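These notes are about the structure you will find just below.
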Amino acid sequence: MTVFLPRTAVLTGVLAVAALTLSACDAAPDASSGPDGKSAATATTAEDAGGIGALAKAAKKEGTLHAMALPRDWANYGALIDGFQKKYGIKIEVENPNGASQDEINAVTSRKGQDRAPDVLDLGSSFVQSAAQKGLLAPYMVTGFAHIPDVQRDSIARWANDYGGYISFGCDARRVQTCPTSFKDLLKPQYRGMVALNGSPTKSGSAFGAVYAAALANGGSFDDIQPGIDFFAKLKKSGNYTRVPSTPASIAKGRTPISIDWDYLNAGYTDEFKSKGLDWTVAVPSDGKFSQYYSQAINMDAPHPAAARLWLEYLYSAEGQNLRLKGYARPALMSAMKKAGTLDKAAAARLPKVSGTPSFPTESQQNSAKSFIAQNWSDAVSR
1371 MTVFLPRTAV
1381 LTGVLAVAAL
1391 TLSACDAAPD
1401 ASSGPDGKSA
1411 ATATTAEDAG
1421 GIGALAKAAK
1431 KEGTLHAMAL
1441 PRDWANYGAL
1451 IDGFQKKYGI
1461 KIEVENPNGA
1471 SQDEINAVTS
1481 RKGQDRAPDV
1491 LDLGSSFVQS
1501 AAQKGLLAPY
1511 MVTGFAHIPD
1521 VQRDSIARWA
1531 NDYGGYISFG
1541 CDARRVQTCP
1551 TSFKDLLKPQ
1561 YRGMVALNGS
1571 PTKSGSAFGA
1581 VYAAALANGG
1591 SFDDIQPGID
1601 FFAKLKKSGN
1611 YTRVPSTPAS
1621 IAKGRTPISI
1631 DWDYLNAGYT
1641 DEFKSKGLDW
1651 TVAVPSDGKF
1661 SQYYSQAINM
1671 DAPHPAAARL
1681 WLEYLYSAEG
1691 QNLRLKGYAR
1701 PALMSAMKKA
1711 GTLDKAAAAR
1721 LPKVSGTPSF
1731 PTESQQNSAK
1741 SFIAQNWSDA
1751 VSR
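The numbering of the sequence shown is the working numbering, which starts it at 1371 and goes up by one.
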């Protein structure tokens, strides 16, 4: 996931070349233009479209933003969608809200030139990098782009991280006498049949992250995920690992009292379960810190290019980033907002505590790890 970037001056030059390349291509059939005739479809910044005001007018003219795989209860998407619609009067249509990153990419390629194609994409790191390499993404630098950490943005602005979190342990304190705080704890006999993932790491991003975190906790590295697979094989042999996928329903029924998942999802359950009398606690493991962020991008052939760019501007605004924070997700601009005094301090104080600075596997390391898990997980754990 790590991308080494040139300085902003170089970035600007690359964007200029990208803009010239784009202008030579056919724009989307209904690409909007600002009052001064500037096309949103080729804009690499809001200024290219005549400024935020002009971009908003062009987006309002388009009237619609088409997106996929944005569940309302995931990283506070419900509040973000409502906020954008209220602020700009543009309808957001979300298709297949529980879909996956690959579903979004498939729709981009299969619906090219169609009004049904997604305008914007919310993708996991490996998926967004793959989409960029295939030429599916339009370069666009949001207003706060320069303040996003270098390792969390593309060198030519085809994508940038938006929000993320850490692998964490969610625990039903009513059913578990002492909640675990480390991967080492999970091996204790008192947790027999209690420890769950939200799916298989061959398909689930958080389950994959859990195996990576377990590897880091047991002598592995971004180049060596084998110790993570070994750990879950050991956890299964001890009887502590359950193959029941962790979901809000399985947690409420007591079937998965310890859930390994992203901290913003586990923390969100705390509020959800409180009204049901369930005491759900969350901890980032002390011995295996693994962080991952989700990225935003624009479809190169977005049918509503102005709305697509305005949506990204909203997501990366202080309002949008603070809404992420209220949903327990860690916004990519968190450090910059803290320095600027625009961070919601109360929301930040509610995040699960983590020490240190996160590091990320490179694209090559991540792809190798995913391939390794696909080849070895079933034999080691699933049978």
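C-beta atoms are modelled at their ideal positions from N, C-alpha and C, and glycine is treated no differently.
Given the structure is predicted, the values throughout are model-derived calculations rather than measurements.
For Phe1601, which residues in the same chain have their Cβ closer than 6 angstroms to its Cβ, ignoring the five residues on either side in sequence? Ala1584, Asn1588
Nearest-angstrom Cβ-Cβ length linking Arg1528 and Ala1667, presumed shorter than 8 angstroms: 6 angstroms
Counting along the chain, where does the alpha helix (DSSP H) carrying Val1724 start and finish? Neither: Val1724 is in no alpha helix (DSSP H) and is coded neither H nor E.
Looking only at its chain, what residues have a beta carbon closer than 6 angstroms to the beta carbon of Asp1485, apart from the 5 residues adjacent to it on each side? Pro1673
C-alpha distance - Phe1454 paired with Asn1446, whole-angstrom precision: 13 angstroms
Ile1628 - partner residues in DSSP beta bridges: Cys1541, Val1565
Please say whether Gly1569 and Ala1577 have beta carbons closer to each other than 8 angstroms? yes
Counting pairs of Cβ atoms below 8 angstroms between the stretch 1719 to 1739 and the stretch 1553 to 1560, do you hit three or more? no
For Pro1675, which three-state DSSP category applies? helix
Contacting residues, own chain, Cβ-Cβ under 6 angstroms from Lys1461 (five flanking each side not counted): Thr1434
Please report how far the alpha carbon of Glu1463 lies from the alpha carbon of Ala1437, in whole angstroms. 6 angstroms
List in chain order: all unbroken alpha helix (DSSP H) runs of 4+ residues lying wholly within the stretch 1412 to 1445. 1422 to 1432
Would you tell me roughly how many angstroms separate the C-alpha atoms of Ala1733 and Ser1496, rounded to the nearest one? One point to set straight first is that residue 1733 is Glu, not Ala, in the sequence displayed. Going by the C-alpha atoms only, they are around 6 angstroms apart.
Measuring alpha carbon to alpha carbon, tell me which residue in Tyr1634, Gln1735, Tyr1536, Cys1541 is nearest Asp1657. Tyr1536
Taking the straight line between their C-alpha atoms, what separation do you get for Lys1659 and Leu1586? 7 angstroms
In three-state terms, what does DSSP make of Ser1734? helix
Of the residues Ile1743, Ala1439, Asp1452, which one's Cα is nearest the Cα of Pro1467? Ala1439
With DSSP collapsed to three states, give me the class of Trp1747. helix
Whole angstroms is fine: what's the gap from Ala1410's alpha carbon to Pro1571's? 39 angstroms
Grouping DSSP H, G and I as helix and E and B as strand, with all else coil, what is Val1512? coil
Residue nearest to Asp1749 in terms of C-alpha spacing, selected from Ala1603, Tyr1698, Thr1612, Asp1649: Ala1603
So, are the CB atoms of Asp1633 and Val1652 less than 8 angstroms apart? yes
By the 10 Å Cβ neighbour count, where 16 or more other Cβ atoms means buried, how is Ala1487 classified, buried or exposed? buried
Do the stretch 1518 to 1525 and the stretch 1612 to 1632 make contact, defined as three or more Cβ pairs closer than 8 angstroms? no
Three-state secondary structure (DSSP) at Gly1579? helix
Note down the Cα distance separating Thr1414 from Gly1598, rounded to an integer number of angstroms. 41 angstroms
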